[in-house]
Structures are given as structure tokens and as C-alpha cells.
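Below is one structure, written out as C-alpha cells; comments come after it.
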Ligand SMILES: [Fe+2]
Ligand SMILES: [Fe+2]
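Residue numbers (the numbering used here): 3 to 280.
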């Protein structure tokens with residue numbers, strides 16, 4: 003089973019597509035200014051890149067694609083619709099496509115609820131944790147760690163107590179399968195330190211404890227830098243895809259699970275094409 007992990011594609015739309023009423027939220031107004039000044043240029047080619055990533059997926063015989071959130075910048079309906087269209091070439095992988103929201107997809111309160119509606123047919127039903135049983139060997143457990151942060155200075159996440167309470171029974175039910183645990187927020191920075199309170203997963207330690215003995219891997223995005231990490235006392239390795247489309251920092255992973263054993267290959271984007279790092 004070959005798995006492509008992408009994240010934080012932040013698909014761009016023209017300014018004219020943004021609903022004006024959405025800028026009544028101070029958070030989105032400031033986020034829009036940041037988008038104009040900094041981010042828009044970096045994600046300008048996201049759609050073209052996703053088309054090339056689809057080529058890479060076919061050429062590499064990828065079975066399953068997992069996207070760990072932040073498909074938009076400001077969580078508006080036109081952006082979510084543009085992101086759904088932009089990822090379409092990646093969604094027909096033979097073993098499926100798994101997607102969860104990032105904090106930018108639920109940016110402010112008027113964003114909530116649209117993700118499941120617009121990504122219907124790709125997202126799994128029901129409350130989180132959502133479980134995708136891919137086959138007898140592999141399953142994907144999806145945690146929702148993203149929430150609106152009305153304060154402009156905050157972009158933190160949290161996995162609800164309710165989700166954490168359900169995890170032991172879910173892991174038990176998956177038997178011997180290799181379990182990919184997908185969430186948007188990272189559990190540690192690349193150097194192993196906790197992320198800042200205003201930017202990271204506020205209950206990262208609880209999530210690590212809940213997943214500590216799982217035979218699998220933890221996949222996330224949010225931090226726009228691809229890296230892998232092991233946390234002492236935690237069995238599954240942690241992989242951050244970074245941003246798959248941010249100019250100059252493009253990252254992704256391809257995992258292969260053979261007889262329950264994982265190998266991971268880092269990828270990047272050079273000269274107009276996605277490729278493995280040699
Ligand atoms: Fe992001
Ligand atoms: Fe994020």
C-alpha cells in the first residue's frame with residue numbers, strides 16, 4: 003500500500019471571489035491583509051502544482067491519498083469550492099482520498115459546517131474520530147483538531163476530550179492493521195519541543211498519550227516545513243508534510259506499508275515538477 007500525504011495547499015482565489023460580508027470578522031480582515039502582503043504570492047501556483055502532483059501520483063502508483071487540512075486561506079465558501087475543484091485530480095486514487103479540515107478551513111465562525119458539505123463524498127460520515135478502513139492491512143483514524151480562533155493572534159487547535167475518550171476502543175477495533183492517525187496540528191516542533199501556545203495543539207501531550215502504543219504513524223500539517231520526528235515513549239513516528247504548495251518550501255511524504263512495516267520517502271517540487279528527494 004503506497005500512500006501520498008499532502009497538506010496545507012492553501013488554494014488561492016481572486017480577490018473578487020471573496021464575499022465582502024465575510025470581512026466583517028476582524029480576524030479575517032487581518033488575515034486578508036496578510037494574504038495580500040505575504041501569502042498570496044507564495045500560493046499563486048497551487049492549482050497547477052496540484053495537477054502536477056496528480057501526475058506524480060499516477061506515475062508512482064499511489065494507492066491512497068491523505069490530505070491533512072488547510073486547503074484554503076480564509077475559510078470562505080468560494081475558497082472551499084475552489085479547493086474542492088483543485089484537489090479533484092487527486093481524489094480518484096484506487097484506495098481512496100482522505101481529507102480533514104485545518105484551522106484555515108474553519109477560520110471564523112461563519113466557516114463552520116461548509117467543509118463537510120463542500121467535501122461531501124470525500125469526507126467520512128459521523129462525528130470525529132472518523133475511521134476509514136482501507137483494507138485488511140491499513141486504516142486511517144482522523145482527528146479533528148481545528149477550530150475557529152476569533153482572536154487574530156491565535157491559531158491554536160485542540161482535540162476534544164470526547165474524541166480522545168473514543169480512541170482506545172477505535173484502536174482496539176482495528177486489530178492488527180497499520181493505523182495512520184491523521185490530524186492537522188503537529189504534536190511537537192521539528193526539534194522535539196512543544197509548539198507555542200498560540201499556534202500549536204494545546205493538548206498535544208494528551209493526544210500523544212492516547213496514541214502512544216499504536217502500531218502506525220501520526221500524520222499532520224500546519225507547520226509549513228516537512229519533517230519527521232520520534233517522541234520518546236511514543237511508538238508511532240510523526241510525519242509533518244509541511245505545505246505541499248508553498249513556493250520554495252513544497253513538501254510531501256510517500257509512505258509504503260509492506261507486511262505492517264512502514265517506509266517513508268520525502269518529496270519536494272523542483273523545476274515545475276514534484277519528485278522524491280535524491
Ligand atoms: Fe497552513
Ligand atoms: Fe494550519
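Even for Gly, the Cβ is constructed at its ideal location relative to N, Cα and C.
This structure is a prediction, so every number in the text was calculated from the model and none was measured.
Asked	Found
Nearest-angstrom Cα distance between residue 39 and residue 14?	14 Å
Quick check on the DSSP output: the alpha helix (DSSP H) that includes residue 56 runs from which residue to which?	48 to 61
Does the beta-carbon distance from residue 257 to residue 266 come in below 7 Å?	yes
Tell me whether residue 72 counts as near ligand 2, meaning its Cβ is closer than 6 Å to at least one heavy atom of that ligand.	yes
What's the call for residue 260, buried or exposed, on a 16-neighbour Cβ count within 10 Å?	exposed
On the CB-based measure, 16 or more other CB atoms within 10 Å of its CB, does residue 180 come out buried or exposed?	buried
With residue 195 as the anchor, note down where its beta strand (DSSP E) starts and where it stops.	Per DSSP, residue 195 belongs to no beta strand (DSSP E) and is neither H nor E.
Mind checking who residue 268 pairs with in its DSSP beta bridge?	255
Tell whether a beta-carbon distance below 7 Å holds between residue 136 and residue 97.	yes
Less than 7 Å separating the beta-carbons of residue 108 and residue 68?	no
Do you know how far the Cα of residue 207 is from the Cα of residue 196?	9 Å
On the three-state DSSP scale, how would you describe residue 172?	helix
Could you check what DSSP says for residue 93 in three-state terms: helix, strand or coil?	coil
Would residue 263 be called buried (16 or more neighbouring beta carbons within 10 Å of its own) or exposed?	exposed
Helix, strand or coil: which one does DSSP assign to residue 120?	helix
Beta-carbon within less than 8 Å of residue 199's beta-carbon, same chain only, minus the 5 sequence neighbours each way: which residues are those?	158
The alpha helix (DSSP H) that contains residue 30, what's its start and end?	28 to 36
What would DSSP say about residue 201, mapped onto helix, strand or coil?	coil
Could you spell out where the alpha helix (DSSP H) holding residue 212 opens and where it closes?	206 to 213
Report all residues from its chain with a CB closer than 8 Å to the CB of residue 59; omit the five preceding and five following residues, and keep chain order.	6, 67, 92 and 95
Could you give the first and the last residue of the continuous beta strand (DSSP E) run that contains residue 184?	180 to 184
Is residue 247 helix, strand or coil when you go by DSSP?	coil
Any heavy atom of ligand 1 closer than 6 Å to the CB of residue 281?	What is shown of the chain runs 3 to 280, which leaves residue 281 out entirely.
Let me check understanding here. Comparing Cα to Cα, which of 216, 192 and 252 lies closest to residue 241?	192
Distance check for residue 26 and residue 238, CA to CA, integer angstroms please.	42 Å
Quick check: residue 223 and residue 47, are their CB atoms within less than 7 Å of each other?	no
Can you give me the C-alpha to C-alpha distance between residue 77 and residue 272, rounded to a whole angstrom?	29 Å
By a C-beta neighbour count over all protein chains shown, 10 Å radius and 16 as the cutoff for buried, is residue 118 buried or exposed?	exposed
Here's the rule: buried if 16 or more other CB atoms are within 10 angstroms of the residue's CB, otherwise exposed. What is residue 32?	exposed
Of all Cβ atoms in chain C, is any one closer than 7 Å to the Cβ of residue 169?	Given the protein chain composition of this structure (a single chain), no chain C is represented.
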